[in-house]
C-alpha cells in the first residue's frame, strides 16, 4: 500500500517477490500474483477470498515507505473461520529490503510449516538479481507496464528496463525482461522484425552470461523459440525447465497451452491452461487463453462464456474483446454483434468487421467491396488482422495468399494459430495455402512428438532412514520430557531441531510422517497436558485459567481456548468443573 505512485510500483514488486519466493517451497501451493493482486486495497472478508481462490490460508499485509525506511506488517489467517494464526511487524532501512524480503519469506514459510504440515524449506528462497535499490525500482516500474499485456506498454517497459541495467549492468532479470519485450513486439509487428529479434537475442545472451539457470532465463528462451521462431519443441523444452525451477509459474503452463494450440493439440492445451487457472484463478489472461481454445474448437458459445469471465476481471482486455466479436460473427448473431460494436469504442476497424460479418453470413453488403480501404501493414500491427481477414472473405484470394505467404515467412504472432483459425477456412482448399503450411511444418518446426511429456518428476527419497527415525524419536521425547521446552511461548521448530541436533526440514518430516502432527499440534498437546496438571493443584487455585495457560506456554487466549476445545470437545472451565 502506498499513496505515492513510484512507491506503489515498489510495494507491488516486494509483494510479488515474496509470492515468488514462497512458490519455491516444495509442497506449498501459492496463488499467483495476478489473482492475489485482485484483492489489493479491497476490504473483503477473508472467508470470501479463500472461497474465490480455493485456499485454506491467506497471507495479508501492508507495506509503507517513509523517510528511507520500510515497514511491513504481515499476518497469516485461516479462511474457514478468519482466525489469525500468526502476525509480525518489520521495520527496517529501505536499503535492507533485499535481506528483509528473504527473511520475511522464510519466516512465513516456517509459520505455515509449523501450523499446517511438513514443507522442505531451503536456507534462502528469495534471490534478487541486483543489490541496487534504484535499479530494482526502475525494473519494477518496467514490470508493472509489461504486466498490462498491452503492446504499447511493452515499449514503456523497455525504457525502464534499459535505465535499470544502466545502473546495474549485472541485473540479469532486467536483461531477460528486455529480451521478452523485444521478442513480443517484433512478433506482433509493432517494431521491425529483424531488429526486434536481434535485440531479443542480444539481451538474452547478456542475461545468460550472468545467470543461465534462472527460471526466467528458461522462460525467455522459450518465448524467443516459440513467438519468434515457431520452434514448438524447443519452446516446450524450455517451459518444462522453467517449471522445474518454479512449479507454480502459471504463465509457463499458459505458454505450454499456447504451443499446443498452435500445433492443433487442443485437449493438451486445455489440460495446461486449467493448471494455470488452478494456480491463478483470477487471471484474465488464462481465461482469455481458455476462451481462445474453444474459439479454435469452433465452440463459440462456450468461448464467449470464458471470454466474459476474462472481461469481468479486466473489462479492457482487448484480445478478449476482439475474440468475442469474432465469436458473434461465426454464430451469425447480428443483434449481439452490432450492439457489441456500438458499446466498445476500443474495437479496432469496426467498419471492416461489419462488412466481414455481412460477407461471412451472406447478408447484403451495402458498399462496393473494391471501395473498402485496406491497410494490410497497419492491420498486422494490431492484435487481430481484420483487414487481412477481409481479403480472405471478399474473394480476393490471390492477394490474400500473397499476404499470407509473406507474413508466414516472418512468422508473425497474428498467424501463430493459422492451422485452426476459423477465418482461414476459405484458403485451406487452395494448393498454395497447403504448400505454405507444409513448408512451415516440415522445416524443423514440427508438432511435438507424442512421447513428449511435461510431467515434473517428484523426489521420493526420505530424509531419514528407519534407524534414524527410531533414534530421533527417542531423542525428541527425552528432550521434551526433561527440558520441557514447550513452556517457552516463543519456541519454534527451528529451535527444537537445533536442540536435538537435527535439521528443521527433517524434524518437520518426522513429526508429520511418523507422529501425524504438525509442529504446533505436537507442542500444544504437551502444553495442554501441563495445563491440566497445573490447574488441578491446590497451590494454583489463586491463579486464573488464562494465567496458568500462559505459564504452560500458550501465547494467546484465542489459541489456548481454540486448541483446548478442539482436543477435549469442551471449554477449559467446563473441563475443570467436570474434574471437581
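In the UniProt record's numbering, the protein residues as written are 1 to 580. Even for Gly, the Cβ is constructed at its ideal location relative to N, Cα and C. The structure presented is a predicted model; accordingly, all values stated were derived computationally and were not measured.
Beta strand (DSSP E) segment containing residue 60, residue limits: 57-66
C-alpha gap between residue 555 and residue 531, whole angstroms: 13 Å
For residue 600, the nearest candidate out of 410, 425, 418 (CA to CA): Residue 600 cannot be examined here, being either before or after the span of the chain that is shown, 1 to 580.
Simplified DSSP state of residue 477, which is helix, strand or coil: helix
Closer than 7 Å: residue 520 CB and nearest the ligand PLP heavy atom: Questions concerning the ligand PLP fall outside what the structure shown contains, since it holds no ligand whatsoever.
Stretch-stretch touch, CB-based, cutoff 8 Å, three pairs: the region 144-160 with the region 118-134: no
Validate contact between the region 411-418 and the region 380-399 using beta carbons, cut 8 Å, 3 pairs: yes
Own chain partners of residue 72 with C-beta closer than 6 Å, once the 5 adjacent residues on each side are dropped: 63, 90
Start-to-end residues for the alpha helix (DSSP H) that takes in residue 212: First-last for residue 212: undefined, no H or E at that position.
Cβ contact (3+ pairs, closer than 8 Å) linking the region 130-144 and the region 114-122: no
Range of the contiguous beta strand (DSSP E) that encloses residue 364: It is not in any beta strand (DSSP E) - residue 364 carries neither H nor E in the DSSP assignment.
Proximal residues to residue 545 (C-beta, below 8 Å), its chain only, five neighbours per side dropped: 535, 572, 573, 576
Residue range of the beta strand (DSSP E) that includes residue 563: Premise fails: residue 563 lies in the alpha helix (DSSP H), 557-568, not in any beta strand (DSSP E).
Three or more C-beta pairs below 8 Å linking the region 46-66 and the region 79-96: yes
Buried or exposed by the 16-neighbour rule on C-beta atoms within 10 Å, applied to residue 516: exposed
Validate contact between the region 250-257 and the region 275-291 using beta carbons, cut 8 Å, 3 pairs: yes
Residue 522 versus 567, 343, 253, 548, residue with shortest Cα-Cα distance: 567
Residues sharing a beta bridge with residue 74, DSSP: 61, 88
Beta-carbon proximity of residue 174 to residue 164, cut-off 8 Å: yes
Where the alpha helix (DSSP H) containing residue 327 begins and where it ends: 318-331
Buried versus exposed, by CB contacts within 10 Å (16 or more), residue 40: exposed
Residue 553 - containing alpha helix (DSSP H), residue span: Counting along the chain, residue 553 falls outside any alpha helix (DSSP H), and DSSP gives it neither H nor E.
Nearest neighbour of residue 597, chosen from 406, 391, 101 [CA to CA]: A question about residue 597 goes unanswered here, because the residues of the chain that appear run from 1 up to 580.
Selection from 302, 419, 423 that minimises the alpha carbon distance to residue 397: 423
Residue burial classification, residue 332 (beta-carbon count within 10 angstroms, cutoff 16): exposed
Neighbourhood of residue 520 by C-beta, 7 Å cutoff - its chain only, sequence neighbours within 5 removed: 114, 115
Own chain, CB closer than 8 Å to residue 313, minus 5 neighbours either side, in chain order: 38, 282, 283, 284, 287
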